[in-house]
């Protein structure tokens, strides 16, 4: 069946005025599931403290404004990042469940996509936005499968959570 919504999103992102328009910026995404200890235990995912450190260390390397994005269930992590960014004077803005066509508009011009593997990362991949992406340990064999062959380990740098932190950070 024809899916006009997907055609619309893929082909015609809708301009979205945003606070860092005309500047270099990056996107940062962490699922709200990082707050769930049982989920972290089952998947090997990082503790929220590690994610927060990663957010700060990523900013220290990139030195550009950051957008925290996600759905309503991601709010606990988005809020945590926003609070820490405010404390440290990191320029940031939060987008929670924005209009998809507007979000595509913002993703396509980002200088980098950092975070959990998600559909949003796949959108970044389609626009050749450089990515540092983390995937659950049990999905290691799937790593890079959604990236274009030419982008694997170049534009798309994918890691499982077991990879040492320093190696993941170096990819930023």
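Numbering (my numbering), first residue to last: 3 to 174. From the three backbone atoms N, C-alpha and C, an ideal C-beta is built for every residue, glycine too.
Host beta strand (DSSP E) of residue i (start-end)
| i | result |
| --- | --- |
| residue 96 | 94 to 98 |
| residue 72 | 68 to 72 |
| residue 117 | 114 to 118 |
| residue 29 | 28 to 31 |
Residue environment, residue i, which counts as buried when at least 16 other CB atoms sit within 10 Å
| i | result |
| --- | --- |
| residue 56 | buried |
| residue 141 | exposed |
| residue 155 | exposed |
| residue 6 | Because the pLDDT of residue 6 is 38, which lies under 50, any placement of that residue in the model is unreliable, and the question is left without a value. |
| residue 151 | exposed |
| residue 9 | With a pLDDT of 40 at residue 9, under the threshold of 50, the modelled position of that residue is not reliable, and the figure given next carries that caveat. Counting Cβ neighbours within 10 Å, residue 9 comes out exposed, since fewer than 16 surround it. |
| residue 49 | exposed |
| residue 169 | exposed |
Residue range of the unbroken alpha helix (DSSP H) whose run includes residue i
| i | result |
| --- | --- |
| residue 133 | Not the alpha helix (DSSP H): residue 133 falls in the beta strand (DSSP E), residues 133 to 137. |
| residue 110 | 102 to 110 |
| residue 157 | Premise fails: residue 157 is in no alpha helix (DSSP H) and is neither H nor E. |
| residue 56 | 50 to 64 |
When the options are compared against residue i, the one with the closest alpha-carbon
| i | options | result |
| --- | --- | --- |
| residue 90 | 77, 155, 149, 54 | 54 |
| residue 119 | 171, 52, 163, 65 | 163 |
| residue 94 | 75, 107, 71 | 71 |
| residue 129 | 112, 145, 144 | 112 |
| residue 31 | 116, 146, 86 | 116 |
| residue 76 | 174, 36, 86 | 36 |
| residue 102 | 148, 40, 165, 73 | 73 |
| residue 51 | 158, 24, 39 | 39 |
Integer Cβ distance of residue i from residue j, believed to fall under 8 Å
| i | j | result |
| --- | --- | --- |
| residue 59 | residue 136 | That belief does not hold up - the Cβ atoms of residue 59 and residue 136 are roughly 14 Å apart, past 8 Å. |
| residue 2 | residue 107 | A query on residue 2 cannot be resolved here, the shown segment of the chain reaching from 3 to 174 and no further. |
| residue 134 | residue 174 | 5 Å |
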